[in-house]
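Quick note, the sequences are listed as chains A and B, same order.
1 is the number of the first residue of the first sequence in this note's numbering; add one for each residue after it.
206 is the number of the first residue of the second sequence in this note's numbering; add one for each residue after it.
Glycine included, C-beta positions come from ideal geometry on N, C-alpha and C.
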Amino acid sequence: MSMTQRQQTIFGAISDLDSAYVQQCVAPKPRRRIWQRVATVAAALALVMATLWGSGLLTGQEQSGFRGSLVIRVLAESGEYEQLDSFKSVPNGYPQQNMFGVDQPCFSFDVWATEEHNPDFHSQYELEVCYDGIVYQWEKDSPVAITFLYSTVSDSVGYGVVGWCTDTMELELRLKDRQNGEVVTTRKLHVKYLPQQQTYELTLQ
Amino acid sequence: MSEQEKIIALLHGRSEQAIRELERCYGGLCSAIAGKILSSREDVQEIVNDTLLAAWNNIPPECPRSLSAYLSRITRNLSLARLRNNRAARRNEQLTVCLEELEFCLGDSATPEQVLNQKLLTQAINAFLTTLTSTNRYLFVRRYYYLDGYDELASNAGLTQQAVRTRLMRLRQQLRQYLKKEEIIE
Chain A
1 MSMTQRQQTI
11 FGAISDLDSA
21 YVQQCVAPKP
31 RRRIWQRVAT
41 VAAALALVMA
51 TLWGSGLLTG
61 QEQSGFRGSL
71 VIRVLAESGE
81 YEQLDSFKSV
91 PNGYPQQNMF
101 GVDQPCFSFD
111 VWATEEHNPD
121 FHSQYELEVC
131 YDGIVYQWEK
141 DSPVAITFLY
151 STVSDSVGYG
161 VVGWCTDTME
171 LELRLKDRQN
181 GEVVTTRKLH
191 VKYLPQQQTY
201 ELTLQ
Chain B
206 MSEQEKIIAL
216 LHGRSEQAIR
226 ELERCYGGLC
236 SAIAGKILSS
246 REDVQEIVND
256 TLLAAWNNIP
266 PECPRSLSAY
276 LSRITRNLSL
286 ARLRNNRAAR
296 RNEQLTVCLE
306 ELEFCLGDSA
316 TPEQVLNQKL
326 LTQAINAFLT
336 TLTSTNRYLF
346 VRRYYYLDGY
356 DELASNAGLT
366 QQAVRTRLMR
376 LRQQLRQYLK
386 KEEIIE
């Protein structure tokens with residue numbers, strides 16, 4: 001079967017696409033997805049966080065109806081996971097390739113929503129990440145490209161968040177009650193990429 | 206100096222080492238692209254060789270910004286020419302499906318007799334791509350430029366095959382609307 005004139009035309013048109021797009025989309029090598037990497041870390045952290053929570057080391061904002069907190073932990077330049085109190089500089093997490101095989105800076109952090117003595121936490125609450133008026137959940141769209149995951153250990157729920165930006169962005173983390181959609185607690189995070197240093201600055205607001 | 210810059214320097218110096226380096230670095234890419242257009246292994250190998258020869262003949266004076274984009278374009282065009290000029294050459298099934306999907310974007314009113322302006326169409330598609338999110342752009346370019354299967358796309362983009370199918374279907378509808386709005390098609 002030969003190609004029709006229309007097919008030849010559109011095939012030819014696609015062949016002449018801007019080389020930047022063609023270059024950008026050269027096939028990525030098979031690799032572990034970022035959420036899988038984060039999942040590994042998150043699962044390990046869940047145990048640590050549950051222990052820390054039990055020992056009373058973690059604190060956070062508290063609001064009526066929700067007796068827990070959102071705790072943010074980042075992989076700091078020291079190579080250790082540290083709780084984000086107000087500001088931290090974190091290394092560019094995935095300098096080689098992002099999940100689409102494109103060289104792009106990435107940052108990642110974990111969010112831990114804890115509420116004592118509540119094993120049904122995850123069925124009651126969900127975390128949303130909002131950027132520029134759009135709520136991202138499992139979507140991986142640019143420019144936020146955030147993935148979530150959770151793991152439950154005792155009364156802790158963890159979320160791994162991965163994103164990228166080449167300048168700055170404001171993220172809002174919202175913990176919502178699944179039943180009535182009410183936001184029970186929020187945290188705002190300012191992200192700034194410093195290309196010279198190859199690091200991100202994360203600031204709680 | 207990047208690998209690409211080294212190869213271009215070798216080409217400018219007319220060193221035959223350039224051909225070997227081109228084949229080592231980009232032979233797989235060209236072969237994959239040609240292999241999704243043509244079904245015969247011999248045809249694919251010939252197209253890859255012709256692509257490398259074309260690069261040798263054209264650089265210099267040409268100095269592409271991206272060798273992978275440059276070579277893949279040559280590979281696509283040579284593969285298409287092979288299909289057009291050699292009736293014995295058989296197209297890959299993957300290409301057939303992709304072409305049918307793409308043809309949808311041209312709408313029903315564009316009859317085969319109408320000659321579409323390929324250059325305008327390229328410009329419109331480039332502009333359309335700028336409006337997309339990076340994931341959707343990736344899916345579109347991988348599907349219709351690199352002719353990836355749904356399974357490959359799903360695996361590389363971290364989505365399910367169904368999600369990829371749905372997204373691409375919406376993208377084709379969006380492109381069709383966009384081409385209508387830009388009066389490229391009726």
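Within-7 Å CB hit, residue i to chain A
i: Glu308/B; result: yes
i: Val346/B; result: yes
i: Ile330/B; result: yes
i: Ser207/B; result: no
i: Asn290/B; result: no
i: Tyr383/B; result: no
i: Ala359/B; result: no
i: Asn297/B; result: no
i: Arg246/B; result: no
i: Tyr355/B; result: no
i: Arg281/B; result: yes
i: Leu334/B; result: yes
Element boundaries [alpha helix (DSSP H), containing residue i]
i: Tyr21/A; result: Ser19 to Gln24
i: Arg246/B; result: Arg246 to Asn263
i: Cys235/B; result: Gln222 to Gly240
i: Ser15/A; result: Gln5 to Ser15
i: Glu391/B; result: Run containing Glu391/B: none; DSSP gives neither H nor E here.
i: Leu215/B; result: Glu208 to His217
Boundaries of the beta strand (DSSP E) in which residue i is found, first to last residue
i: Leu204/A; result: Thr199 to Leu204
i: Thr168/A; result: Thr168 to Asp177
i: Arg187/A; result: Val183 to Leu194
i: Glu308/B; result: Segment Glu298 to Phe309 is the alpha helix (DSSP H) holding Glu308/B; no beta strand (DSSP E) there.
i: Leu288/B; result: From DSSP, Leu288/B is part of no beta strand (DSSP E) but of the alpha helix (DSSP H) over Leu272 to Asn290.
i: Leu127/A; result: Tyr125 to Tyr131
i: Ser86/A; result: Careful: Ser86/A lies outside any beta strand (DSSP E) and carries neither H nor E.
With 16 other Cβ atoms within 10 Å as the buried cut-off, status of residue i
i: Lys88/A; result: buried
i: Arg278/B; result: buried
i: Ala260/B; result: buried
i: Asn361/B; result: buried
i: Gln24/A; result: buried
i: Ile134/A; result: exposed
i: Gly240/B; result: buried
i: Thr166/A; result: exposed
i: Gln382/B; result: exposed
i: Thr9/A; result: buried
i: Ala13/A; result: buried
i: Pro195/A; result: exposed
i: Asp110/A; result: buried
Cutoff 7 Å: residue i Cβ touching any chain B Cβ
i: Ser108/A; result: no
i: Val129/A; result: no
i: Ile14/A; result: yes
i: Asp207/A; result: In the structure as shown, chain A begins at 1 and stops at 205. Residue 207/A is therefore absent and cannot be evaluated.
i: Gln63/A; result: In this prediction, Gln63/A has a pLDDT of 37, which is less than 50 and means its spatial position is unreliable; nothing more can be read from the coordinates.
i: Val162/A; result: no
i: Asp18/A; result: yes
i: Val22/A; result: yes
i: Val74/A; result: no
i: Val135/A; result: no
i: Leu171/A; result: no
i: Arg6/A; result: yes
Contact set between residue i and chain D, taken where Cβ atoms lie within less than 9 Å
i: Ile10/A; result: In the displayed structure, chain D is absent; the protein chains listed are A and B.
May I have a chain-ordered list of the alpha helix (DSSP H) segments no shorter than 4 residues that lie completely inside the region 314-373 of chain B?
Runs of the alpha helix (DSSP H) inside the region 314-373 of chain B: 323-335, 339-349 and 355-362.
Return the residues of the region 215-234 of chain B that lie within a Cβ-Cβ distance of less than 8 Å from chain A, sorted by chain order.
Taking 8 Å as the Cβ-Cβ cut-off against chain A, the residues of the region 215-234 of chain B that qualify are Leu234.
In the region 258-279 of chain B, which residues sit with their C-beta less than 8 Å from some C-beta in chain A, listed in chain order?
Listed in sequence order: Pro269, Arg270, Ser271, Ser273, Ala274, Tyr275, Ser277 and Arg278.
Contacting positions in the region 179-204 of chain A - beta carbon closer than 7 Å to chain B:
Within the region 179-204 of chain A, no residue has a Cβ that lies closer than 7 Å to any Cβ of chain B.
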